[in-house]
Amino acid sequence: MIGILGISHKTAPLDIREKFALSHADIPLFAEELQKQANFSDIVVISTCNRTEIYFSQQVHDGFTASILLFNCLIAFKKIDFAAERFFYTYINDDAVAHLFKVCAGVDSMIVGEDQIIGQVKDAYVYCTELALTDAVLMRLFQKSFEAGKKVRTNTCINSGVTSVSYAAIEFCSSRISNFSETSVLLIGTGETGTLALQGFAAKGVTKIFVSNRTPEHATKIISEYSAEFIPINQLIQSLFKADIIITATNAGHAFITADQIRESIHLRNNKPQICVDLSVPRNIEEQVQYIEYCTLVCVDTIQDVIAANKDKRVEQIEHAEIIIQELVQEFMEWLSFRALQPAIRAINFHLQKIYRDQYHGYIVDSAKDVKENIKDFSGFLTQQYSRELIKNLKEITDNGRKELYLQVINDLFRLER
Numbered sequence: 026m027i028g029i030l031g032i033s034h035k036t037a038p039l040d041i042r043e044k045f046a047l048s049h050a051d052i053p054l055f056a057e058e059l060q061k062q063a064n065f066s067d068i069v070v071i072s073t074c075n076r077t078e079i080y081f082s083q084q085v086h087d088g089f090t091a092s093i094l095l096f097n098c099l100i101a102f103k104k105i106d107f108a109a110e111r112f113f114y115t116y117i118n119d120d121a122v123a124h125l126f127k128v129c130a131g132v133d134s135m136i137v138g139e140d141q142i143i144g145q146v147k148d149a150y151v152y153c154t155e156l157a158l159t160d161a162v163l164m165r166l167f168q169k170s171f172e173a174g175k176k177v178r179t180n181t182c183i184n185s186g187v188t189s190v191s192y193a194a195i196e197f198c199s200s201r202i203s204n205f206s207e208t209s210v211l212l213i214g215t216g217e218t219g220t221l222a223l224q225g226f227a228a229k230g231v232t233k234i235f236v237s238n239r240t241p242e243h244a245t246k247i248i249s250e251y252s253a254e255f256i257p258i259n260q261l262i263q264s265l266f267k268a269d270i271i272i273t274a275t276n277a278g279h280a281f282i283t284a285d286q287i288r289e290s291i292h293l294r295n296n297k298p299q300i301c302v303d304l305s306v307p308r309n310i311e312e313q314v315q316y317i318e319y320c321t322l323v324c325v326d327t328i329q330d331v332i333a334a335n336k337d338k339r340v341e342q343i344e345h346a347e348i349i350i351q352e353l354v355q356e357f358m359e360w361l362s363f364r365a366l367q368p369a370i371r372a373i374n375f376h377l378q379k380i381y382r383d384q385y386h387g388y389i390v391d392s393a394k395d396v397k398e399n400i401k402d403f404s405g406f407l408t409q410q411y412s413r414e415l416i417k418n419l420k421e422i423t424d425n426g427r428k429e430l431y432l433q434v435i436n437d438l439f440r441l442e443r
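Per the working numbering, residue 26 is the first one in the sequence shown, and the count goes up by one each step.
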């Protein structure tokens, strides 16, 4: 059984979502706790600025029970002390598959059609696979999800225009800045999200660029490409005033730029306006910064106008994408259902072969050599024919493994539990 427990931009505001973010370091510890509490740990965890989703595969519990156990484990792991149930959603089997395919295709994204999400899902899958947390079902599921993402983008125009939160933030800034050629930008964090933002600002004409990163070696490429000035992390706070736009995109997991520090920056700038773009979850800039005069705070939940305008242009593309997704969901569920038949098929073959061997050896003891060979060939042929007929009927009556009641009867008939 496949399932998903998730929280996203559709169900919870940023201040709630960030409490459930799971870092790479968290995932193996969480999986260990899940195994202790729920007796399963085959999972893939996707944790981005817009969602935390845990996909799971297990055969121990029914879908409802598995989801409750997973939720309770997450609440305990994150030490949550408030009622959070209303912010979460859960899907089982084909609904879970459809949801993942929509995520990879960008249909479920805050920025419809965004390209960044498919890379984030791949990274999550690879990481959990390296931790030995993915079984054969999850491996097949995620490979199929990447196919869904590619097919939707190839056959629709869903990823035209604004295609990431980074670019939406740039569009937001564009409504407040008329001349980017005289604007300076400070990028803190050199991962994919920050790099995309910097690319967008550079395309707008920004030439004065500062870069700060905890690991200087990771900033080398950006510094070279944009002729940027590097600011050591221990000099970051006293350098904030140099930039008209500050972009944070790190995995720090906490706010390291405070309201007092921004007030000091505005003071050193003689009240020249400053924009703070926080693309991190959990956030890197204190929420109180939004109340500071001459400063505008932008985060992933404050660019809704740009996002709404972008989505309105793509409604038709979403409908087309969902048709493609449904076809791929059906393909995967057929594979999953047929996979459930494999134990029964192996049992049929095993039992018929056993009957053949037992009866053949008892029958040919006193037979001539040529008779023995004829009997062996013919009885083997009959076994094969009966096996094929039984398997054909098995597929039909179970609807290729979808009818679980019939499957249980087959399991009982051949004592598969033994």
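Positions of the beta carbon are idealized from the N, C-alpha and C atoms, including for glycine.
Using a 10 angstroms sphere on the CB of S66, the tally of other CB atoms reaches 16 or more, which defines it as buried. Looking from the CA of S82, the closest CA among G219, L30 and A108 belongs to L30. Residues T208 of the same chain have their beta carbon placed closer than 7 Å to that of I202, with the five preceding and five following residues left out of the count. Using a Cβ-Cβ distance cut-off of 8 Å, the segment 111-122 and the segment 54-72 are not in contact, since fewer than three pairs of beta carbons, one from each stretch, lie closer than that value. Annotated three-state conformation of S252 is coil, per DSSP. The closest CA to that of G131, considering only E344, E359 and F363, is found on E344. Put simply, the segment 286-298 touches the segment 310-321. At least three CB pairs are less than 8 Å apart.
For I247, same chain residues with a beta-carbon under 7 Å away, outside a window of 5 residues either side, are T215, T220, L223, V236 and A253 in chain order. Non-local C-beta neighbours of K229 in its own chain, meaning closer than 6 Å and more than five positions away in sequence, comprise F205, ordered along the chain. When C-alpha distances from P257 are compared across A346, E250 and T245, the shortest belongs to T245. Scanning the segment 281-328 for uninterrupted alpha helix (DSSP H) segments of 4 residues or longer gives 284-293, listed from N- to C-terminal end.
Burial is judged here by how many other beta carbons sit within 10 angstroms of a residue's own beta carbon; T275 has at least 16 and is buried. Linking R294 to C74 through their CA atoms gives a straight-line distance of about 30 Å. From the listed residues T232, V177 and E359, the smallest Cα separation to N118 is found for E359. Counted as a single uninterrupted DSSP element, the stretch harbouring E155 is not any beta strand (DSSP E) but the alpha helix (DSSP H) occupying residues Q141 to E155. Shown here, I183 sits in coil according to DSSP, grouped into three states, outside any helix or strand.
Between the C-alpha atoms of N259 and N238 there is a straight-line separation of about 10 Å. Note that the segment 137-154 does not touch the segment 89-101; fewer than 3 beta-carbon pairs, one per stretch, sit closer than 8 Å. Beta-bridge partners assigned by DSSP to G31: E78 and Y114. As DSSP reads the structure, F235 sits in a beta bridge with L211 and E254. Short of 8 Å from the beta carbon of H279, and not among the five residues preceding or following it, lie these beta carbons of its own chain, in chain order: P307 and N309.
When C-alpha distances from K35 are compared across V325, I52 and F167, the shortest belongs to V325. The beta-bridge partner set that DSSP reports for I247 is empty.
Within the same chain, Cβ atoms closer than 8 Å to the Cβ of Q351 are found at A123, the five residues on either side in sequence being excluded. In this structure, DSSP gives T273 an extended state, which the three-state scheme calls strand. Looking at the DSSP output, S72 shares a beta bridge with T77. Taking 8 Å as the cut-off, the beta carbon of I270 is found no closer than this to the beta carbon of V190.
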